[in-house]
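These notes are about the structure you will find just below.
Protein chains: 2
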Amino acid sequence: MVKDWYKGGDKVYVAVDCIIFGFDAGVLKLLVFKRRVAPFEGRWSLIGSFVRPDESSSEASHRVLKEITGLDNIYMKELRVYSEVDRDPGARCISIGQYALIRVDEHDKELVESHGAKWYPLNELPNLVLDHGKMVSDALERLRTNAQFYPIGFELLPQKFTIPQLQQLYEVIFQKQFDSRNFRKKLLSLEILKKLDEKDKSSSKKGAFLFQFDSDKYKQIRKKGFSIPLFKNQDVL
Amino acid sequence: MVKDWYKGGDKVYVAVDCIIFGFDAGVLKLLVFKRRVAPFEGRWSLIGSFVRPDESSSEASHRVLKEITGLDNIYMKELRVYSEVDRDPGARCISIGQYALIRVDEHDKELVESHGAKWYPLNELPNLVLDHGKMVSDALERLRTNAQFYPIGFELLPQKFTIPQLQQLYEVIFQKQFDSRNFRKKLLSLEILKKLDEKDKSSSKKGAFLFQFDSDKYKQIRKKGFSIPLFKNQDVL
DNA sequence: GCAAAAGTGTTACGCTTACACCCATGG
DNA sequence: CCATGGGTGTAAGCGTAACACTTTTGC
């Protein structure tokens, strides 16, 4: 960038804030840490960073995620931009909310602790700085909406999981019980699960078969799919 | 804002760019204008602006929309942030894409012309500056996805419209023909259309009854609705 | 042998889809 | 009177939803 053609225009600080969901011990949790800059230094905050001159917003959010959890290749999507003029008393600063789904079993717990970050169940969250509470509720709403239409639940479970685990996750996300026979039938009928020969015996004597998400098959289905149901009954929310 | 607590951090230019859709003469059109700043001054561009210190990104996009079309209260949603480091050779500048649906019959045509803005059918669009072409294709994809689940088509039609008009719009959006009996049945079964006593005779001798979108009823349905179908068949895209 | 979770099948209903003819009117 | 677009009904098929019992095994 040799020249600034827009000189005289207004510049602002641009940050990313990550709304990081995990599924652990049967509940949805959120990863937060203690803010390291004034104002509000030391208060609970989403994990974020200013966007650097040499990176995009998506690169910035992946960078901080890796820094704190050690994880690469995370499911992360832009939520929205928070740009209210007075949202940050520290300075005019807009923030891009990015929500992430991570596998709690794969992340680096010591790294997380060393940054003073902590997992909180969603219903025990402390108050967060700025508009971060709003970001969390927006992200939760988005998670619910998207989980209705896309198989994103898998991003929150271990690579190998059982059908009852999957059902429990969806029950937590949607705050609703499902019939286990219909749930199993439905999920298997999608043909995006690969059944393994192993069983998980951690939650029952009989043991439950483990499955893997088959993202190749999913991509195939997506490709040819697209039936465009106009409005499909109650999906008109 | 009395003090800058983040001094020493990097600031960037933040702009909004509006992807403005209209439905006219049976085709989807996009409103573009000639860029007024260097570099690329005079080339076709989405309509945008820098975000000012005293406004949010949403306020900025509504401001430029009003400035060019004279319209208030427009359906406008954030698409996503475009923040690739080299997206704008003029300077490091991130842009927030905002897509808008407007009623072509209600906008101020002279105002549009006086700004050098022009409606182009989507398949006759000139090349646009920067990453604006990408913004358009992203917005179109979003429009299609959203139109499957939410009744947003009404935002593109006159307040009063006929069922055949509505069908034509959906056929254009989805590039797909619908059976007129099923289409009518489906839309009426949603119970969000109010039938008027007037007829529109502009496209047939018999004339077609006019309808209005009933947003109150729609809100009611949304409120109690929410049946959460897990994945509803092909809706798993 | 029993407690606790995993796993399985069938039926009724409602929504979706396919399909063809009559109606109203202006010219 | 006829050409043009508007408007209507029905039957078959498919996916959804409701429902209860058997299996496995560690203790």
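Top to bottom, those sequences are chains A and B.
According to the UniProt record's numbering, the first sequence is numbered sequentially starting from 1.
According to the UniProt record's numbering, the second sequence is numbered sequentially starting from 1.
All residues carry an ideal CB built from backbone N, CA and C; glycine is no exception.
DSSP places Ser-203 of chain B outside both helix and strand once states are collapsed to three, so it counts as coil. Glu-78 of chain B is classed as buried because its beta carbon has at least 16 other beta carbons within 10 Å across all chains shown. In this structure Lys-29 of chain A is not in contact with Trp-44 of chain A, their Cβ atoms being roughly 14 Å apart against a cut-off of 8 Å. Scanning its chain for C-beta atoms nearer than 8 Å, with the 5 sequence neighbours on each side dropped, one finds around Asp-72 of chain A the residues His-62 and Lys-66, in chain order. If you look at Pro-121 of chain A, you'll find it isn't in any alpha helix (DSSP H); it sits in the beta strand (DSSP E) that goes 117-121.
For Leu-130 of chain B, the secondary structure class from DSSP, reduced to helix, strand or coil, is coil. Look at the stretch 6-23 of chain B: the residues with a C-beta under 7 Å from a C-beta of chain A are Tyr-6, Gly-9, Asp-10, Lys-11, Val-12, Tyr-13 and Val-14.
In this structure, Leu-130 of chain B sits away from Thr-162 of chain B, with a CB-CB distance that is not shorter than 8 Å.
According to the DSSP assignment, Ile-173 of chain A belongs to the alpha helix (DSSP H) that extends over 163-174. At a Cβ-Cβ threshold of 8 Å, Val-104 of chain B and Asp-24 of chain B count as neighbours.
Around the beta carbon of Arg-92 of chain B, 16 or more other beta carbons lie within 10 angstroms, which makes this residue buried. With its beta carbon less than 8 Å from one in chain B, Val-81 of chain A belongs to the interface.
Under a 10 Å Cβ-count criterion, Arg-80 of chain A is classified as buried, with 16 or more other Cβ atoms of the shown protein chains found around its own Cβ. Only Tyr-218, Ile-221 and Arg-222 from the stretch 200-224 of chain B bring a Cβ to less than 9 Å from some Cβ of chain A.
If you look at Ile-47 of chain B, you'll find it in the beta strand (DSSP E) that goes 47-50. Close to Glu-55 of chain A, with beta-carbon spacing below 9 Å, are these residues of chain B in chain order: Ser-83 and Val-85. Using beta-carbon distances, Pro-121 of chain B does not count as an interface residue toward chain A, since no partner is under 8 Å. Straight-line measurement puts the Cα of Gly-42 of chain B at about 13 Å from the Cα of Pro-126 of chain B. By the neighbour-count criterion, in which a residue is buried when 16 or more other Cβ atoms sit within 10 angstroms of its Cβ, Leu-188 of chain B is exposed.
Rounded to whole angstroms, the separation of the alpha carbons of Ile-192 of chain A and Asp-138 of chain A is 28 Å. In this structure Ile-94 of chain B touches Val-14 of chain A by the C-beta definition: roughly 6 Å separates them, less than 8 Å. Along the stretch 37-53 of chain A, going in chain order, the ones with a CB nearer than 9 Å to a CB of chain B are Val-37, Ala-38, Pro-39, Phe-50, Val-51, Arg-52 and Pro-53. Judged by beta-carbon spacing, Gln-159 of chain A lies beyond the 8 Å limit of Gln-98 of chain A, meaning their Cβ atoms are not closer than that value. Scanning B:Tyr-6, B:Asp-17, B:Val-12 and B:Gln-165 for the CA closest to the CA of Ser-203 of chain B turns up B:Gln-165.
Boundaries of the alpha helix (DSSP H) around Lys-186 of chain B: 180-189. In its chain, beyond the 5 residues on either side, Val-27 and Lys-29 have a beta carbon closer than 6 Å to the beta carbon of Pro-121 of chain A. When C-alpha distances from Lys-7 of chain B are compared across A:Ala-38, A:Leu-140 and A:Thr-145, the shortest belongs to A:Ala-38. Scanning A:Leu-157, A:Leu-101 and A:Arg-144 for the CA closest to the CA of Lys-176 of chain A turns up A:Arg-144. Contacts between Ile-96 of chain A and chain B, judged by CB atoms closer than 7 Å, involve Val-81 in chain order. In the structure shown, Glu-84 of chain A adopts coil according to DSSP, grouped into three states.
Contact check for His-115 of chain A against Ile-152 of chain A fails: the beta carbons are separated by 8 Å or more. By the C-beta density criterion, Asp-216 of chain A is exposed, having fewer than 16 other C-beta atoms within 10 angstroms. Between the alpha carbons of Asp-86 of chain B and Glu-55 of chain A lies a distance of about 9 Å. Here the alpha carbons of Pro-53 of chain B and Trp-5 of chain A stand approximately 19 Å from one another. Taking a beta-carbon distance threshold of 8 Å, Glu-78 of chain A counts as an interface residue toward chain B. Under the three-state reduction of DSSP output, Asp-10 of chain B falls in the coil class, being neither helix nor strand.
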